[in-house]
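Heads up: the sequence shown begins at 117 in our numbering, then just goes up one per residue.
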Amino acid sequence: MITNFPEFLNVGPDELPQGHSVKIRVLTDMASVAADMAATMLQAIESAAAEGHPATLIVPVGPVDQYPLLAAAVNDRQVSLRDVVLINMDEYLTDDDRWLPADHPLSFRGYMDRQFYDLLEPELAPLPENRVFPHPNDPDAIGRLIEQRGGVDVCFGGIGINGHMAFNEPPEPGEIVSDDDFAELPTRVLSLSRETRTINANTVGGSIDVVPRRCITVGMREILGSRAVRFYCNRPWQSAVVRRVLHGPLGAACPASFLRNHPDAVLTIADYVAARPDIRLR
117 MITNFPEFLN
127 VGPDELPQGH
137 SVKIRVLTDM
147 ASVAADMAAT
157 MLQAIESAAA
167 EGHPATLIVP
177 VGPVDQYPLL
187 AAAVNDRQVS
197 LRDVVLINMD
207 EYLTDDDRWL
217 PADHPLSFRG
227 YMDRQFYDLL
237 EPELAPLPEN
247 RVFPHPNDPD
257 AIGRLIEQRG
267 GVDVCFGGIG
277 INGHMAFNEP
287 PEPGEIVSDD
297 DFAELPTRVL
307 SLSRETRTIN
317 ANTVGGSIDV
327 VPRRCITVGM
337 REILGSRAVR
347 FYCNRPWQSA
357 VVRRVLHGPL
367 GAACPASFLR
377 NHPDAVLTIA
387 DYVAARPDIR
397 LR
């Protein structure tokens, strides 16, 4: 039992699903999480087609390992994604608020090309105009597109070290925003938090100096307005984060806590994320 720490850190694996409506699924490891995410993405695409319309999905770069698996499954099953719209959650920007070049090693656009779109058989791939990233020159275009498409079928994503979804960062100290206003924030350009830049530097194997300071992100409004949300956590440090999301205070200080207000939210995690945080010196 952890003492003198936030009480949510003491929540055991079996207690994670209790006291809220978010469905919790526990898998074994990073590979199983990636395989499940790929299968769930394909299921969402096929379910929408069975209902008579091409799917509209919001998708992340992070987690990332699902995309080659999804491409292989699409090719194997010959599922046409031609009219499917994939709206990527976010993208890094330069200091003057332009997209990172696609050939930059940290570009999400470049990653999607290399690890997904370029792996699809050309006749099955989404049309170029259906491979959507929020653009810093017209953030409102995402909202217009979603309206034109009749809403988002499923939003997929991960959760950041500070509880962010996409790059919806918690308010900085001294920044005043009500929880209701935060939940309605639209697609926009913003600065990344120090916490996000630090953990992302660790993830990409570099120093914080290589992580961009600016970004564009789909908003809380677009995420929470999706008909279903399917989030995945596969990093050991997310053990504490998911407890804060599910059992800490609900509000802007932990953006992913708003998943508890969504009528159809599922959080899938690795077993080491379900385990209590192992808080000790190493």
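All residues carry an ideal CB built from backbone N, CA and C; glycine is no exception.
Residue nearest to residue i in terms of C-alpha spacing, selected from the options
i, options, result
"Val142", "Ala390, Arg396, Arg376, Val361", "Ala390"
"Asn191", "Asp212, Leu209, Asp234, Glu167", "Asp234"
"Met98", "Leu132, Pro393, Asp297, Thr312", "Since the displayed the chain opens at 117 and closes at 398, residue 98 lies outside it and no answer follows."
"Asn246", "Asp199, Leu125, Ser323", "Asp199"
"Gly279", "Arg398, Phe374, Ala165", "Phe374"
"Val288", "Leu125, Ala369, Gly226, Asp211", "Contrary to the premise, residue 288 reads as Glu rather than Val in this sequence. Nearest option by C-alpha distance: Ala369."
"Phe283", "Pro252, Val334, Trp215", "Val334"
"Pro170", "Arg398, Val201, Val177, Pro365", "Val201"
"Asn204", "Ala189, Cys271, Ala187, Val293", "Cys271"
"Ser309", "Met281, Gly364, Thr303, Ala299", "Met281"
"Val361", "Gly322, Asp206, Ile385", "Ile385"
"Thr210", "Asp394, Leu383, Arg392, Leu306", "Leu306"
"Leu301", "Gln264, Pro255, Met146", "Pro255"
"Pro379", "Leu197, Arg346, Pro217", "Arg346"
Residue range of the beta strand (DSSP E) that includes residue i
i, result
"Ser355", "Not the beta strand (DSSP E): Ser355 falls in the alpha helix (DSSP H), residues 354-363."
"Ala344", "344-349"
"Leu375", "No beta strand (DSSP E) contains Leu375, which DSSP labels as neither H nor E."
Residue i in three-state terms, based on DSSP
i, result
"Gly367", "strand"
"Val248", "strand"
"Leu216", "coil"
"Thr210", "coil"
"Ile428", "No answer is possible for residue 428: the residues shown for the chain start at 117 and end at 398."
"Arg330", "strand"
"Phe121", "coil"
"Asp452", "With the chain running from 117 to 398 in the structure shown, residue 452 is simply not present."
"Leu236", "coil"
"Val320", "coil"
"Ala390", "helix"
Boundaries (first-last residue) of the alpha helix (DSSP H) holding residue i
i, result
"Leu340", "336-340"
"Ala386", "Segment 381-386 is the beta strand (DSSP E) holding Ala386; no alpha helix (DSSP H) there."
"Gly226", "224-231"
Residue i: CB within 7 Å of a non-hydrogen atom of the ligand SAM
i, result
"Asn191", "This structure does not include the ligand SAM; it has no bound ligands of any sort."
Any chain D beta carbon closer than 8 Å to residue i
i, result
"Ser307", "Absent here is chain D; the protein component of the structure consists of one chain."
### Query
Taking three-plus beta-carbon pairs below 8 Å as touching, is the region 154-162 in contact with the region 177-190?
Look at the beta carbons and you see the region 154-162 touching the region 177-190: at least three pairs across the two are nearer than 8 Å.
### Query
What are the uninterrupted segments assigned as alpha helix (DSSP H) that are 4 or more residues long and contained completely in the region 256-316, given in chain order?
257-264, 295-299
#### Entry: the region 311-327 / the region 236-248 touching (three or more Cβ pairs under 8 Å)
no
### Query
Unbroken beta strand (DSSP E) runs of length 3 or more, entirely within the region 126-206: which are they?
Runs found: 139-143, 172-175, 201-204.
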